[in-house]
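K.L.:
According to full-length UniProt numbering, the stretch in the sequence shown is residues 1 to 367, in order.
Can you keep this structure in mind? I'll have questions shortly.
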Amino acid sequence: MASARDITLHLGCKDGYPGSMTNLRGPAIAALVSLSACSVQERNFAGAGGSGGGDGAGTTEHSSASAGTSATTGCTQVEDCFNGADDDCDDAVDCADTDCAEGAVCLKAPTNFELGVLVDAAEPCPDGFTAKETLLFRGLSGSGCEGCGCTPNPTDCAADLYLYADTSQCEADERGTRGTLAKTVGFTCDSVPINNGFVSWGGVRVAPFDVIQSCTATGTAIPAPATWAESRKFCHAGAGAGCGAGEACVPRQAPAAQCALVSGSATCSGYARRESDWFRGYNDTRTCSSCSCTASGGDCNYVSVELGNDYSCINHARIQQGGRYCEYAYSPPAHLVGEPTNSTCTSRTTLSGSLDPTGQSTLCCVE
Numbered sequence: 001m002a003s004a005r006d007i008t009l010h011l012g013c014k015d016g017y018p019g020s021m022t023n024l025r026g027p028a029i030a031a032l033v034s035l036s037a038c039s040v041q042e043r044n045f046a047g048a049g050g051s052g053g054g055d056g057a058g059t060t061e062h063s064s065a066s067a068g069t070s071a072t073t074g075c076t077q078v079e080d081c082f083n084g085a086d087d088d089c090d091d092a093v094d095c096a097d098t099d100c101a102e103g104a105v106c107l108k109a110p111t112n113f114e115l116g117v118l119v120d121a122a123e124p125c126p127d128g129f130t131a132k133e134t135l136l137f138r139g140l141s142g143s144g145c146e147g148c149g150c151t152p153n154p155t156d157c158a159a160d161l162y163l164y165a166d167t168s169q170c171e172a173d174e175r176g177t178r179g180t181l182a183k184t185v186g187f188t189c190d191s192v193p194i195n196n197g198f199v200s201w202g203g204v205r206v207a208p209f210d211v212i213q214s215c216t217a218t219g220t221a222i223p224a225p226a227t228w229a230e231s232r233k234f235c236h237a238g239a240g241a242g243c244g245a246g247e248a249c250v251p252r253q254a255p256a257a258q259c260a261l262v263s264g265s266a267t268c269s270g271y272a273r274r275e276s277d278w279f280r281g282y283n284d285t286r287t288c289s290s291c292s293c294t295a296s297g298g299d300c301n302y303v304s305v306e307l308g309n310d311y312s313c314i315n316h317a318r319i320q321q322g323g324r325y326c327e328y329a330y331s332p333p334a335h336l337v338g339e340p341t342n343s344t345c346t347s348r349t350t351l352s353g354s355l356d357p358t359g360q361s362t363l364c365c366v367e
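Given below as structure tokens:
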């Protein structure tokens, strides 16, 4: 039979009231247990004396301050600052809870704006700002076409030769405007005299050379790639409650990054900085015409006319462009000698259509 000093009393609950006490033995039980209602408490009577019972008595309370979720109240120790609920049952929701003072902030949320933070396009969104991601761009460029090439062809030269009726006419033509056109010659000598069909020989004048230069176009023209001068990423916040009218509870970030985003052009009342030159994409209708080339820079400055004699292309005389030869020659052929200067090429194509940004957006930022 157990003594009164060693009794541990366990009280069950039923319908909010203590259960019956059974199997109590011993006339010395003097402890009085009074329960107005059931609570999550443990009362340990081990070591209670027959009179007084001051040694060893204690009470342990299970409240919302304990870790995890209370099985009785459904409260948690830590407030989730962005779910719109009073998780720790202290009658303060999200930003209104002192538990959220360091990590959350109330921001003004203009109509149709979404709150978030602005980060580099390649950076991940920070915790609390992973509800959605929106890429933003500004400074669109992409004018012109590319893909064309040009290959210069060898520069060619041609010279018109004018014959004089007699030597006196040749010597008197200081301005180089007289004589009769007899033949146009190039770098190939054909042994046919330049005065063939003319009765007499009075000399020859060489007109300024015709420079024949060209290029061959290569490649296919396409519009230059569209590029943005700047790209950023807007990370949308999972906004909570506990703020004043027109505000939302969001994770606290560096002030410069804390912003609100809306499509189109809008005002930013209550914000320090407004940027309305952000876009979300572009529309490209550009096309390019076929490639063509323009040759330039070629010349015949180091070329001259070689005058033959007696149906032979041997070097009887050399005449520079714009010059004349008034000496005698018998049935002379003529041709060009020397090295022309090669030309350079410039590719050309025509751009049509346009490159236009789309999805204009406005950012309103804290600072």
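The beta-carbon is built from N, C-alpha and C at its ideal position, and this holds for glycine as well.
Treat the numbers as computed from the prediction; the structure is a model and nothing was measured.
Given this structure, state the Cα-to-Cα distance separating Glu61 from Asp88, to the nearest angstrom.
P.N.:
Note that Glu61 scores 29 on pLDDT, short of 50, meaning its location in the model is unreliable and no value can be drawn from it.
K.L.:
To the nearest whole angstrom, what separates the beta carbons of Ser296 and Thr344, a pair I think is in contact under 8 Å?
P.N.:
Yes, Ser296 and Thr344 are in contact; Cβ-Cβ is about 6 Å, under 8 Å.
K.L.:
With DSSP as the reference, please indicate the residues paired to Gln320 in a beta bridge.
P.N.:
DSSP lists Ser304 as partners of Gln320.
K.L.:
Alpha carbon to alpha carbon, how far is Arg273 from Cys215?
P.N.:
Whole-angstrom Cα-Cα distance: 55 Å.
K.L.:
Any chance the segment 192–202 sits against the segment 160–167, with 3 or more Cβ pairs inside 8 Å?
P.N.:
In short, these stretches touch, since the Cβ pair count reaches three.
K.L.:
Just grab the DSSP bridge partners of Ala248 for me.
P.N.:
Its beta-bridge partners are Leu107.
K.L.:
Residue range of the beta strand (DSSP E) that Ser168 falls in?
P.N.:
Note, Ser168: premise wrong, no beta strand (DSSP E); alpha helix (DSSP H) at 167–172.
K.L.:
Whole-angstrom Cβ separation of Gly144 and Ala224, contact assumed at under 8 Å?
P.N.:
Yes, they are in contact, since the Cβ atoms of Gly144 and Ala224 sit about 5 Å apart, within 8 Å.
K.L.:
Taking only the alpha-carbon atoms, compute the straight-line gap between Leu136 and Glu339 and give it to the nearest angstrom.
P.N.:
Looking at the two C-alpha atoms, the distance is approximately 59 Å.
K.L.:
Name the DSSP beta bridge partners of Asp97, please?
P.N.:
Partner(s): none; Asp97 has no beta bridge.
K.L.:
Counting Cβ pairs closer than 8 Å, one from the segment 259–278 and one from the segment 96–114, do we hit at least three?
P.N.:
Yes: at least three Cβ pairs fall under 8 Å.
K.L.:
Could you name the residues that DSSP lists as bridge partners for Val211?
P.N.:
Its beta-bridge partners are Cys157.
K.L.:
Decide if the segment 254–266 is in contact with the segment 318–332; the criterion is three or more beta carbon pairs, one per stretch, under 8 Å apart.
P.N.:
Because the criterion of three Cβ pairs below 8 Å is not met, the segment 254–266 and the segment 318–332 do not touch.
K.L.:
By Cβ distance below 6 Å, which residues in the same chain neighbour Cys189 in space, the five residues on each side in sequence not counted?
P.N.:
Only Cys313, Pro333, His335 meet the Cβ criterion.
K.L.:
If you run the structure through DSSP and keep just helix, strand and coil, what is Pro255?
P.N.:
Helix, per DSSP.
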